[in-house]
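To start, the structure itself, in structure tokens.
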Amino acid sequence: VGARSDDDLRAGLEAMKADVARRSIPLAELRGQTITLSNFGMLGGLHAALTIMPPQVAILGAGRLHRAARVIGDDIRAVRVLPLSLTFDHRVVTGAEAVRFLVAAVADLES
């Protein structure tokens, strides 16, 4: 993102959405990212052992959204569950930083 203007970012996002819709993302767009989001849940997967490729720092994977029984207080309820898998480079990020990132991501998804 760096020094890109709002208009440039907006145009880039629209171009990326069009590439995704055409299922033709240019290879150059798939290189050099810092954090990647992988949606393996659309294929039915729940969890994954994700691999990072430098210069990537982390990859967050989303599994299949499903209903599961959870204890809430003294009750058992069926709730929606979105499994998340996080892989990160320990040379760049500490475990505590990765957990804080994951907690923030979960809080954002729950709100």
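Numbered by my numbering, the letters in the sequence shown go through residues 525 to 635 in order. Where a beta carbon is used, it is the ideal one built from N, C-alpha and C, also for glycine.
Whole angstroms are fine: how far does the CA of Leu-589 sit from the CA of Gly-536? 29 Å
6 Å CB neighbourhood of Leu-626 in its chain, flanking five on each side removed: Leu-610
Rounded to whole angstroms, what is the Cα-Cα separation between Ala-539 and Thr-558? 20 Å
Kindly indicate which residue of Gly-568, Leu-608, Arg-591 has the alpha-carbon position closest to the one of Arg-601. Arg-591
At the level of alpha carbons, what is the spacing between Gln-580 and Asp-598? 43 Å
Based on the DSSP output, what are the partners of Thr-611 in its beta bridges? Ile-583
Looking at C-alpha atoms only, which residue of Ser-635, Ala-582, Arg-528 is the closest neighbour of Gly-619? Ala-582
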